[in-house]
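A quick write-up on the structure given underneath.
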Amino acid sequence: MILAGVAMLMAGLAPARAELPALSRACVAPQRDIATAAPLPTLGARIERREKVTILAIGSSSTSGVGASSPEHAYPAQLQSILTAQLKPVEVAIINRGLSGELATSTAARLREEIRHENPDVVVWQVGTNDALSRVSVAQFERTLSSTIGWLRRRQVDVIVVGAQYAPQAADQSHFLAIARALERVTAARHVAISRRYAAMRFIARSGKHILISDDGLHLNDTGYRCMAEHVAQALIASLERGGRGTK
């Protein structure tokens, strides 16, 4: 059983623990605001066999790392460090294919080439912020997201969606919220794991204790990228613990 294999790996046969990775003080938020788990059958099977895991991180500037002080502080690099520790002795490789300014439709088209070239086990798709800023219609955004998830699932590629960020200086918060809700609807219907970036960032921002946004008012700083990595890791590990089969 996939779940049994993952549980053995995480509980006793490796230093990784079955519980979720610890959060940095700046990244603490209610679990309901951080992530919702869903089965990752392809990833679980590879971990059970102790085979190398390849994760494709794709999206826009939050994936490429705009605002980070160095490439090592971008979220994919930090996520790789977290997962390497959590899933040891399984080797984890994360491929960063972030492209600044990209909308969901462009990423969806690019994904098809990336899947053919990289053959990943999991896609972590950061999506929604630029669509919200560009006022892409919610209906179009939902169609793009849902059809692309279906395409990935038919190819046995697991998916984790990283939602739109909370940008307090954005002129139209209502459209950000509408896109965030669309993400919730699609991921629930498709039974896909989601990192709820909007809700988690909003909670942290309203606490007034930590700043996650750089001086430009939009892109993340190093702390923001650390929280993004930790929250995605929580979505992934919680999904592994859940086990089972995905839904196409």
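Residues -18 to -1, 1 to 230 in mature numbering (1 follows the signal peptide of the UniProt record, and there is no 0) are what the sequence shown lists, from first letter to last. Ideal Cβ placement from N, Cα and C applies to all residues, glycine included.
Here residue 101 is exposed: its Cβ has fewer than 16 other Cβ atoms, across all protein chains shown, within 10 Å. When only Cα atoms are considered, residue 172 and residue 28 end up about 22 angstroms apart. With three or more CB-CB distances shorter than 8 angstroms, the stretch 18 to 25 counts as touching the stretch 139 to 151. The beta carbon of residue 3 sits closer than 7 angstroms to the beta carbons of 64, 68, 212, 215, 216, 219 from its chain, once the five residues preceding and following it are set aside; these are given in chain order. It is roughly 13 angstroms from the alpha-carbon of residue 210 to the alpha-carbon of residue 49. Distances from the CA of residue 73 to each of 80, 62, 6 were compared; the closest alpha carbon is that of 62. Per the DSSP secondary-structure output, residue 177 pairs in a beta bridge with 17, 144.
In the structure shown, the three-state DSSP call for residue 216 is helix.
In the displayed model, residue 134 falls within a helix according to three-state DSSP. For secondary structure counted as the beta strand (DSSP E) over 3 or more consecutive residues, the stretch 11 to 69 holds these complete runs in sequence order: 35 to 41. Of the candidates 10, 70, 8, 70 places its Cα closest to the Cα of residue 30. Nearest neighbour of residue 94 by Cα position, chosen from 114, 58, 129, 113, turns out to be 129. Judged by DSSP secondary structure, residue 109 falls outside any beta strand (DSSP E); it is assigned neither H nor E.
For residue 168, the uninterrupted alpha helix (DSSP H) segment begins and ends at 155 to 172. Leaving aside the five residues that flank residue 88 on each side, none in its chain has a CB nearer than 6 angstroms to its CB. A residue is called buried when at least 16 other Cβ atoms come within 10 angstroms of its Cβ; residue 198 does not meet this threshold and is exposed. In chain order, 124, 127, 128 place their CB closer than 6 angstroms to the CB of residue 168, counting only its own chain and leaving out the 5 sequence neighbours on each side. Shown here, residue 74 sits in a strand according to DSSP, grouped into three states.
Contact between residue 192 and residue 8 is confirmed by a C-beta separation of about 4 angstroms, below the 8 angstroms threshold. Just measuring C-alpha positions, the residue of 6, 107, 103 sitting nearest residue 91 is 107. For residue 93, the enclosing alpha helix (DSSP H) covers residues 86 to 100.
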